[in-house]
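Enquirer: For reference, the structure I am asking about is given below.
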Amino acid sequence: MLTLKELVAKVLDIDKRIINNESSPENIPSWDSFNGLMIVSELETNFNVKFTLEEVVAVRNFKDIKEALERHGIKEGLND
Amino acid sequence: MGLGEYLNQSKKIIQNPSINSCKIAILSNFTINGLGEVMQVLCNNQKIYAEVYTPDYNQYMQEIFNKSSRLYKFSPNIIFLLIDTEYMLGGDFYSFPYRLTNKERENNIEKKFQELKSLIISLEQNTSCKIVINNFLYPLYSSRGILENKQDYGIKKAIMDFNNQLEDLAKNDSQLFVFDINSFVMKEGYNSIMDSKMDYLADMKLSPSAIVSLAKEYLAYIFPLMSMTKKCIILDLDNTLWGGIIGEEGISNIKLSPEKEGKPFYDFQKRLLELSERGIILAINSRNNYNDAIEVIKNHPYMLLREDNFASIKINWDDKVKNIKEIANDLNIGIDSLVFIDDDKTNREFVKKMLPEVFVVELPESSCDYVKTLEALKIFNSFSITKEDLEKKEMYVSQKKRDELKAKVSDLNSFLNELKLEGEIISVNDFNISRTSQLTQKTNQFNLTTKRYSEGDINSFLKDENYLLKLIRVKDKFGDYGITGLAVFKKIDNSISELDNFLLSCRILGKNIEFVFLQKLIDELGKREIKKIKARFIPTSKNAPAANFLREAGFILEGKSGGEENYTLDIGKENKKNIFMEIKYADS
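Heads up: the sequence lines are chains A and B, in that order.
So for the first sequence, this note's numbering puts the first residue at 1; every next one is plus one.
So for the second sequence, this note's numbering puts the first residue at 1001; every next one is plus one.
What follows is the structure in structure tokens.
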């Protein structure tokens, strides 16, 4: 299982060390709408969760993803 | 491997000028991101460099109707067209079909089919490439519930009707192919191909995992497009065609029967037999005592594949790689057209390492999955099946008899005399055009220029009076070789003709037929006031058998440029060879 940062870094094809809470489509060029969907799809497989439409639409940045996963009871792999 | 991994891999592909390349266009009314990337990776695994063009979201219609669109500028070799049912039929019709009367539903289907047809016609007018269109998914839901199939021309029936019309349209169109999305969904399961959240978020009608599966299915069209269709399956025996080891267990104890634990092997043989009946050659490569194994092939009551089903049989204690090379040699086909099936992983790895061109099938541990594994191979597809394909088995049986004769007579001339060869020169027409195209696609060895022509190309030559196209059909006393040679001449001025292409199928090589065929056509050109013939030899990694042909036929080498050799011949100065055959014109 990948950590959250590893997963996002893999989909966006970037170094995981540059990811922080404020990382978002505004400041990461490869975070386009399709890669956004790929993040959703990979998160659901990797963490075995299902997001609602509203949860997906509400995500603005990396911190929002982390909080959404926490709400689904995920504790491991969120902070490294 | 998931879509994400394919996307990452696709970024690492680099164009390699030494491998085949193809251009794929993907047109869709919904979001299909990722499909192109997966196809690039799958093609790259088969040593094909794929360039993909996907128009912006839902721009496909403009691209199809606009003659100067980026789609046509891209000049694809193949176009995949994906339209979802609701979009095609119109949301109101799809969602409220029963507001309409039966008659109105019928008229609507007719009207919508004409719309689709105009898209296809426009594509065919603007490009000669292959077009693959997905058919339309039947709805799983109906407001009529258990009564849906009691409706007169219900929504499901209407869509089936639409699909049938599409199939009829494609049936006699060599450019158009229908991909059956309904079979695809049956295999994958509707719940796994559809992710409603992705659909609502981004109009993605196929889930990420379905995109990967669909790309794998589409690969079936790429093999024939690249002339990479496999021709021959080389089979192991023990634990491949039957269960157990014949040398240890004996003919009465091996597992092969129409029921119980022998059935997976029996069913596997059925599938192989059917492939052989459609023109895929079978051969045996087994480490065994010859007598033990051949007894099973000849006498086991449930053996479906008998001696005559195998074009080459190697049962010995030699290494498998040596045997594979000999089989390729016996059958006169390229190593890269071979498929190897063996249950032993060590053998497979050995063949992969020593002969990387061979397609090695990863046979699963359990024989229950053999049939499924064979069925999943996309490598035997071709864009047409010709009469020659269906008769291939008989041809190899005749070939065995020829080899026996050859071993008996003392020299080549008396062998050729004994064969009683007959040739027939025929024109290209509707009945043999698919064979004509296939010859240009599949002939690698005796081929002067290796120009590959589609049926569309050949049709345009037939309409152009500067072209002269002739085929040769050859028979001997053992059987019919079918149509096995093609010559394409193009007149370049009043007295000069260029030999644009000249090829012979490898199974009739070594009988001087090429010289006789060419001579007849030179005579024909002479009658048409042609004085001089220009010809070219374009060397490839495979066409060495044709390298000396022009020189031997009396052509003079004029020069070389970039590996190509340019020749000319003044008519009348050709070398005449001993002719061992009757040759006649079937038509003129």
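We put the CB at the ideal spot given by N, CA and C, even for glycine.
All values reported here derive from a predicted model rather than from experimental measurement.
Keeping to the same chain, check which residues put their C-beta closer than 7 Å to that of Gln1151(B); ignore five residues upstream and five downstream.
Expert: Along the second sequence, one-based indexing puts residue 1151(B) at 151. Once the five neighbours on either side are set aside, the close Cβ partners of Gln1151(B) are Arg1144.
Enquirer: So which residues of chain B does Asp13(A) contact, with C-beta pairs closer than 8 Å?
Expert: In the first sequence, counting from the first residue as 1, residue 13(A) sits at position 13. Residues of chain B passing the Cβ test: Asn1008 and Lys1011.
Enquirer: Is there a Cβ from chain A that is less than 7 Å from the Cβ of Pro1208(B)?
Expert: Here residue 1208(B) refers to the residue found at position 208 when the second sequence is read from its first residue. Cβ-Cβ to chain A under 7 Å: yes for Pro1208(B).
Enquirer: Based on Cα-Cα distance, which residue from Glu1565(B), Arg1473(B) and Ser1561(B) lies nearest to Tyr1585(B)?
Expert: Residue numbering aside, residue 1585(B) sits at position 585 when the second sequence is read from its first letter. The option with the nearest alpha carbon to Tyr1585(B) is Arg1473(B).
Enquirer: Quick one: give me the first and last residue of the alpha helix (DSSP H) that Gln1407(B) is part of.
Expert: Here residue 1407(B) corresponds to residue number 407 of the second sequence, with the count starting at 1. Correcting the residue type first, residue 1407(B) is Ala in the shown sequence and not Gln. Start and end: Lys1392 to Lys1408.
Enquirer: Compare the C-alpha of Asp1195(B) against each of Asn1239(B), Asn1044(B) and Thr1031(B) and name the closest.
Expert: Position 195 of the second sequence, counted from the first residue, corresponds to residue 1195(B). Out of Asn1239(B), Asn1044(B) and Thr1031(B), Thr1031(B) has the C-alpha closest to the C-alpha of Asp1195(B).
Enquirer: Cβ of Met38(A) less than 7 Å from any chain B Cβ?
Expert: As a working mapping, residue 38(A) is identified with position 38 in the first sequence. Yes, Met38(A) lies at the interface with chain B (some Cβ there is under 7 Å from its Cβ).
Enquirer: Return the residue from the list Ile1341(B), Glu1365(B) and Ile1571(B) that minimises the CA-CA distance to Leu1272(B).
Expert: For the purposes of this step, residue 1272(B) is taken as the residue at position 272 of the second sequence. Residue Ile1341(B) is the option with its Cα nearest to Leu1272(B).
Enquirer: Quick one: using the 10 Å Cβ neighbour count with 16 as the cut-off for buried, is Leu1119(B) buried or exposed?
Expert: To locate residue 1119(B), count along the second sequence from 1; it is residue 119. The residue is buried, with at least 16 neighbouring Cβ atoms inside 10 Å.
Enquirer: Taking only beta carbons into account, state which residues of the segment 19-35 of chain A come closer than 9 Å to chain B, listed in chain order.
Expert: Listed by position, the residues of the segment 19-35 of chain A near chain B (Cβ gap below 9 Å) are Ser33, Phe34 and Asn35.
Enquirer: Since Ala1546(B) and Phe1446(B) should fall inside the 8 Å C-beta cutoff, what is the C-beta to C-beta distance between them, to a whole number of angstroms?
Expert: Counted from its first residue, the second sequence places residue 1546(B) at position 546. Counted from its first residue, the second sequence places residue 1446(B) at position 446. Yes, Ala1546(B) and Phe1446(B) are in contact; Cβ-Cβ is about 5 Å, under 8 Å.
Enquirer: Could you please give the first and the last residue of the uninterrupted alpha helix (DSSP H) stretch that includes Glu1558(B)?
Expert: The count along the second sequence starts at 1 and reaches residue 1558(B) at position 558. Premise fails: Glu1558(B) lies in the beta strand (DSSP E), Ile1556 to Ser1561, not in any alpha helix (DSSP H).
Enquirer: Based on the DSSP secondary-structure assignment, which residues constitute the bridge partners of Arg1536(B)?
Expert: For the purposes of this step, residue 1536(B) is taken as the residue at position 536 of the second sequence. Answer is Asn1566(B).
Enquirer: Roughly how many whole angstroms lie between the Cα atoms of Thr45(A) and Ser1183(B)?
Expert: In the first sequence, the residue the question calls residue 45(A) occupies position 45. In the second sequence, the residue the question calls residue 1183(B) occupies position 183. Cα-Cα distance, rounded: 26 Å.
Enquirer: Quick check on Ala1202(B) - is its C-beta less than 7 Å from some C-beta in chain A?
Expert: As a first step, residue 1202(B) is located in the second sequence; it is residue number 202 there, counting from the start. Yes - at least one Cβ of chain A is within 7 Å of the one on Ala1202(B).
Enquirer: Using 10 angstroms around the beta-carbon of Ser1588(B), count the other beta-carbons present and answer buried if the total reaches 16, otherwise exposed.
Expert: In the second sequence, the residue the question calls residue 1588(B) occupies position 588. Low confidence applies to Ser1588(B): its pLDDT is 45, below 50, so where it sits in the model is not reliable enough to give any reading.
Enquirer: Determine the chain A residues that contact Phe1145(B) at a beta-carbon separation under 9 Å, and present them in chain order.
Expert: The residue labelled residue 1145(B) in the question sits at position 145 within the second sequence. What sits at residue 1145(B) in the sequence shown is Gly, not Phe. Simply none; closest approach about 27 Å.
Enquirer: Output the distance between the C-alpha atoms of Thr1085(B) and Leu1140(B), rounded to the nearest integer angstrom.
Expert: Counting from one through the second sequence, the residue named residue 1085(B) turns up at place 85. Counting from one through the second sequence, the residue named residue 1140(B) turns up at place 140. For Thr1085(B) and Leu1140(B), the distance between alpha carbons rounds to 12 Å.
Enquirer: How about the segment 1303-1317 of chain B and the segment 1200-1208 of chain B: do they share at least three Cβ pairs that are nearer than 8 Å?
Expert: Contact between the segment 1303-1317 of chain B and the segment 1200-1208 of chain B is absent, because fewer than three Cβ pairs lie under 8 Å.
Enquirer: Taking 7 Å as the cut-off, decide whether the C-beta atoms of Ile1181(B) and Pro1097(B) are in contact.
Expert: As a first step, residue 1181(B) must be located in the second sequence, where it is residue number 181. As a first step, residue 1097(B) must be located in the second sequence, where it is residue number 97. No, they are not a contact pair.
Enquirer: What does the Cβ neighbour count give for Pro1364(B), buried or exposed, with the cut at 16 atoms within 10 Å?
Expert: Reading the second sequence from its first residue, position 364 is the one you call residue 1364(B). Label assigned to Pro1364(B): exposed.
Enquirer: Label Gly1243(B) either buried or exposed according to how many other C-beta atoms from any shown protein chain fall within 10 Å of its C-beta, with 16 as the threshold for buried.
Expert: Here residue 1243(B) is taken as the residue at index 243 of the second sequence, counted from 1. Classification for Gly1243(B): buried.
Enquirer: Provide the residue span of the beta strand (DSSP E) that contains Met1039(B), from first to last.
Expert: Counting from 1 along the second sequence, the entry for residue 1039(B) is found at position 39. Looking at the DSSP string, Met1039(B) is not in any beta strand (DSSP E); the run it does join, the alpha helix (DSSP H), is Leu1035 to Asn1045.
Enquirer: Could you tell me which residues DSSP puts in a beta bridge with Ile1315(B)?
Expert: Taking the second sequence and counting its residues from 1, one reaches residue 1315(B) at position 315. The partner list for Ile1315(B) (beta bridge, DSSP) reads Ser1286(B).
Enquirer: Identify the contact partners of Gly1004(B) in chain A, using a Cβ-Cβ distance below 8 Å as the criterion.
Expert: Numbered from its first residue, the second sequence carries residue 1004(B) at position 4. Those within 8 Å of Gly1004(B) in chain A are Lys10, Val11, Met38, Ser41 and Glu42.
Enquirer: Between the segment 51-76 of chain A and chain B, which residues of the former have CB atoms less than 9 Å from a CB of the latter, in chain order?
Expert: Residues passing the 9 Å Cβ filter: Phe51, Thr52, Leu53, Val56 and Val57.
Enquirer: Give the residues of chain B in contact with Thr45(A), contact being defined as C-beta atoms less than 8 Å apart.
Expert: For the purposes of this step, residue 45(A) is identified with residue 45 of the first sequence, where counting begins at 1. Correct list: Gly1002.
Enquirer: Compare the C-alpha of Tyr1302(B) against each of Asn1323(B), Lys1270(B), Asp1308(B) and Arg1287(B) and name the closest.
Expert: In the second sequence, counting from the first residue as 1, residue 1302(B) sits at position 302. Among Asn1323(B), Lys1270(B), Asp1308(B) and Arg1287(B), the Cα nearest to that of Tyr1302(B) belongs to Lys1270(B).
Enquirer: Shorter than 7 Å from the beta carbon of Lys1197(B) to some beta carbon of chain A?
Expert: What you label residue 1197(B) is simply residue 197 of the second sequence in a count that begins at 1. Output row for Lys1197(B): interface = yes.
Enquirer: Identify every run of the beta strand (DSSP E) within the segment 1290-1368 of chain B, keeping only runs that are complete inside it and at least 3 residues long; order them along the chain.
Expert: 1310-1316 and 1338-1341, all fully within the segment 1290-1368 of chain B.
Enquirer: For the pair the segment 1111-1129 of chain B and the segment 1065-1080 of chain B, tell me if three or more CB-CB distances fall below 8 Å.
Expert: Counting Cβ pairs under 8 Å, three or more are found: they touch.
Enquirer: Please list the terminal residues of the continuous alpha helix (DSSP H) segment that includes Met1(A).
Expert: Position 1 of the first sequence, counting from 1, holds the residue named residue 1(A). Met1(A) -> no alpha helix (DSSP H), and no H or E assigned at all.
Enquirer: Tell me the residue span of the beta strand (DSSP E) that contains Ser1497(B).
Expert: As a position in the second sequence, residue 1497(B) is number 497, starting the count at 1. Residues Ile1496 to Leu1504.
Enquirer: Hey, is the segment 1426-1438 of chain B in contact with the segment 1457-1475 of chain B, meaning 3+ C-beta pairs nearer than 8 Å?
Expert: Short answer: they touch.
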